[in-house]
Amino acid sequence: MSLSAKDKAAVRDLWSKVSGKADDIGNDALSRMLVVYPQTKTYFSHWKDLSPGSAPVRKHGKTVMGGVAEAVSKIDDLTSGLLNLSELHAFQLRVDPANFKILSHNILVVLAAMFPNDFTPEAHVAMDKFLSALALALAEKYR
Amino acid sequence: MVEWTEFERATIQDIFTNMNYDVVGQQSLARCLIVYPWTQRYFGKFGNLYNAAAIMGNPMVAAHGKVVLRGLEKAAKNMDNIKATYADLSVLHSEKLHVDPDNFRLLGDCLTVVVAAQLGAAFTPEAQAAFQKFLAVAISSLRRQYH
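Those protein sequences? They're chains A and B, same order as listed. Each residue of the first sequence is one higher than the one before, counting from 1 in the UniProt record's numbering. Each residue of the second sequence is one higher than the one before, counting from 1 in the UniProt record's numbering.
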């Protein structure tokens, strides 16, 4: 299920419309993940405050969306483009890759809530494919 | 026996009472068929599903989306007894329709996205948690009679 030229164009198009709110998207998506999937909190036991919109959540949402932005710019070769991030997740963070799907779902929910007119079915499928490809690239170095 | 908090009960009732079944039903099923095209395998008799525009405009998709939502409404009206409420529907999906139960989750995810688009910021993280818990229980009940 690789990204077609049409998918890449749709992702770039949507990203150009939403990237201005990347920080808010990251904050909202991460907040939702921690509330709707409480098992994900286990990765953040070192944070003082795990509530939606808290300072550490805001900060980390920004970091995560920075990664997504980088992935958009490297959409033509995610695997090699995201090697460093993959090593980080594989050897240091050791996030179970099942959680990538969970965060991706919440990013899609936030995009729908914040940009209901731009998040068309075509944009939805392209974004879902892109986030899946991103997750795969992130898991590249795991084993 | 599923335990529901007052907040969860109120949230689910709120969402279904204010839902436009025509719009949400059509949008959810259409998105499912577009975003997860392999789900089209169950709708061979629905005519033109050739591309996103065709799916969005297909009247059979719109009608069936509403049928699915009415089914979920049954669960919303019987939150303390979803398992029994869905016993016959479960047999139907397993024995007659032969639907792979993994597809229930895919449709559920699309429904969550559509509800989020409808409600915007009002679909808070806590509301989303309640809604997804409800869907998980409905899906689990729908899977129960598969063997």
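Every residue, glycine too, gets a C-beta built ideally from N, C-alpha and C. What you are looking at is a predicted structure, and each value in this text was computed from that prediction instead of being measured.
1. Return the chain-ordered list of same chain residues with a C-beta closer than 8 Å to the C-beta of A/Val-110, the five sequence neighbours on each side being excluded.
2. So which residues of chain A does B/Ile-34 contact, with C-beta pairs closer than 9 Å?
3. Rounding to the nearest angstrom, what Cα-Cα distance links B/Glu-8 and B/Leu-33 in this structure?
4. Going along chain B, which residues have a C-beta under 7 Å from A/Arg-58?
5. Under 7 Å between C-beta atoms, does A/Ser-54 make it to chain B?
6. Cutting at 7 Å between CB atoms, please list the residues of its own chain near A/Leu-85, excluding the five before and the five after it.
7. Just the chain B side, please: which residues come within less than 7 Å of A/Leu-108 by C-beta, in chain order?
8. Please report the straight-line C-alpha distance between B/Tyr-21 and B/Ala-62, rounded to a whole angstrom.
9. Starting from the beta carbon of A/Val-68, find every residue of chain B whose beta carbon is closer than 9 Å, and list them in chain order.
10. Classify A/Phe-44 as helix, strand or coil using the three-state DSSP reduction.
11. Quick one: is B/Gln-13 buried, meaning 16 or more other Cβ sit within 10 Å of its Cβ, or exposed?
12. Over what stretch of residues does the alpha helix (DSSP H) that includes A/Ala-135 continue unbroken?
13. Taking only beta-carbon atoms, is B/Phe-123 less than 7 Å away from chain A?
14. B/Asp-22 touches chain A at which residues, Cβ-Cβ below 9 Å?
15. Name the chain B residues whose beta carbon is nearer than 7 Å to that of A/Arg-32?
16. Should A/Ala-10 be flagged as near chain B, meaning a C-beta pair shorter than 7 Å?
17. Report, in whole angstroms, the separation of the C-beta atoms of B/Phe-131 and B/Ile-15, which I expect to be a contact under 8 Å.
18. Is B/Ile-15 helix, strand or coil when you go by DSSP?
19. Mind checking whether B/Ile-82 and B/Ala-76 have CB atoms under 7 Å apart?
20. Would you check if there are 3 or more beta carbon pairs closer than 8 Å linking the region 1-15 of chain A to the region 55-62 of chain A?
21. So which residues on chain A does B/Gln-26 lean against when the C-beta distance must stay under 9 Å?
22. When the distance is taken between beta carbons, is A/Ile-102 closer than 7 Å to A/Tyr-37?
23. Is the CB of residue 219 of chain A under 7 Å away from at least one CB in chain B?
24. Can you tell which of A/Asn-99, A/Val-125, A/Glu-70 has the C-alpha that lies nearest to the C-alpha of A/Leu-108?
25. Mapping the DSSP letters down to three states, classify B/Glu-3 as helix, strand or coil.
26. What number of angstroms, rounded off, separates the C-alpha of A/Ala-5 from the C-alpha of B/Arg-105?
27. Figure out for me which residue from A/Lys-141, A/Met-114, A/Met-127, A/Pro-121 has the closest Cα to the Cα of B/Ala-121.
28. Just verifying my parser: in three-state terms, what is the DSSP assignment at B/Ser-28?
From the atom records:
1. In the first sequence, the residue the question calls residue 110 of chain A occupies position 110. Apart from the 5 residues on each side of it in sequence, A/Val-110 sits with its Cβ closer than 8 Å to the Cβ of Ile-25, Asp-28, Ala-29, Arg-32 in its chain, given in chain order.
2. What you label residue 34 of chain B is simply residue 34 of the second sequence in a count that begins at 1. The contacting residues are Pro-121, Glu-122, His-124, Val-125.
3. For the purposes of this step, residue 8 of chain B is taken as the residue at position 8 of the second sequence. For the purposes of this step, residue 33 of chain B is taken as the residue at position 33 of the second sequence. Going by the C-alpha atoms only, they are around 29 Å apart.
4. Counted from its first residue, the first sequence places residue 58 of chain A at position 58. What A/Arg-58 touches in chain B: nothing, since even the nearest Cβ is about 14 Å away.
5. Translated into the one-based positions of the first sequence, residue 54 of chain A becomes position 54. Not one chain B Cβ lies under 7 Å of A/Ser-54.
6. Counting from 1 along the first sequence, the entry for residue 85 of chain A is found at position 85. Excluding positions up to five away in sequence, the list reads Gly-67, Leu-138.
7. As a working note, residue 108 of chain A is residue 108 in the first sequence. Against A/Leu-108, the close residues of chain B are Val-113, in the order they occur along the chain (beta-carbon pairs closer than 7 Å).
8. For the purposes of this step, residue 21 of chain B is taken as the residue at position 21 of the second sequence. For the purposes of this step, residue 62 of chain B is taken as the residue at position 62 of the second sequence. In a straight line, the C-alpha of B/Tyr-21 is about 10 Å away from that of B/Ala-62.
9. Within the first sequence, numbered from 1, the residue matching residue 68 of chain A stands at position 68. Simply none; closest approach about 18 Å.
10. In the first sequence, counting from the first residue as 1, residue 44 of chain A sits at position 44. Residue state, collapsed to three classes: helix.
11. By 1-based counting over the second sequence, the position of residue 13 of chain B is 13. B/Gln-13 comes out exposed.
12. The residue you call residue 135 of chain A lines up with position 135 of the first sequence. Following the DSSP letters along the chain, one finds A/Ala-135 inside the alpha helix (DSSP H) bounded by residues 121-138.
13. What you label residue 123 of chain B is simply residue 123 of the second sequence in a count that begins at 1. Among the residues facing chain A, B/Phe-123 is included, as its CB has a counterpart in that chain under 7 Å away.
14. Walking along the second sequence from the start, residue 22 of chain B turns up at place 22. Per Cβ cutoff of 9 Å: no residues; B/Asp-22 is ~17 Å from chain A at best.
15. One-based indexing of the first sequence puts residue 32 of chain A at position 32. By Cβ distance, chain B contributes Pro-125, Gln-128.
16. Locating residue 10 of chain A in the first sequence gives position 10, where the first residue counts as 1. For A/Ala-10, no CB of chain B lies under 7 Å from its own CB, so it is not counted at the interface with that chain.
17. Counting from 1 along the second sequence, the entry for residue 131 of chain B is found at position 131. Counting from 1 along the second sequence, the entry for residue 15 of chain B is found at position 15. The beta carbons of B/Phe-131 and B/Ile-15 sit about 6 Å from each other, so the pair counts as a contact at 8 Å.
18. Position 15 of the second sequence, counting from 1, holds the residue named residue 15 of chain B. Here DSSP, grouped into helix, strand and coil, assigns B/Ile-15 to helix.
19. One-based indexing of the second sequence puts residue 82 of chain B at position 82. One-based indexing of the second sequence puts residue 76 of chain B at position 76. B/Ile-82 places its beta carbon 7 Å or farther from that of B/Ala-76.
20. Output reads no: the region 55-62 of chain A does not touch the region 1-15 of chain A.
21. Looking up residue 26 of chain B in the second sequence gives position 26. Residues of chain A with a Cβ closer than 9 Å to the Cβ of B/Gln-26 do not exist; the shortest Cβ-Cβ separation is about 11 Å.
22. Taking the first sequence and counting its residues from 1, the one referred to as residue 37 of chain A is at position 37. Taking the first sequence and counting its residues from 1, the one referred to as residue 102 of chain A is at position 102. Yes, the Cβ-Cβ distance between A/Tyr-37 and A/Ile-102 is below 7 Å.
23. What is shown of chain A runs 1 to 143, which leaves residue 219 of chain A out entirely.
24. Taking the first residue of the first sequence as 1, we reach residue 108 of chain A at position 108. When each option's Cα is compared against that of A/Leu-108, the closest is A/Val-125.
25. Taking the second sequence and counting its residues from 1, one reaches residue 3 of chain B at position 3. DSSP places B/Glu-3 in coil when its eight states are reduced to three.
26. As a working note, residue 5 of chain A is residue 5 in the first sequence. As a working note, residue 105 of chain B is residue 105 in the second sequence. Looking at the two C-alpha atoms, the distance is approximately 28 Å.
27. Taking the second sequence and counting its residues from 1, one reaches residue 121 of chain B at position 121. With distances taken between CA atoms, B/Ala-121 lies nearest to A/Met-114 out of A/Lys-141, A/Met-114, A/Met-127, A/Pro-121.
28. Residue 28 of chain B sits at position 28 when you count from the first residue of the second sequence. Residue state, collapsed to three classes: helix.
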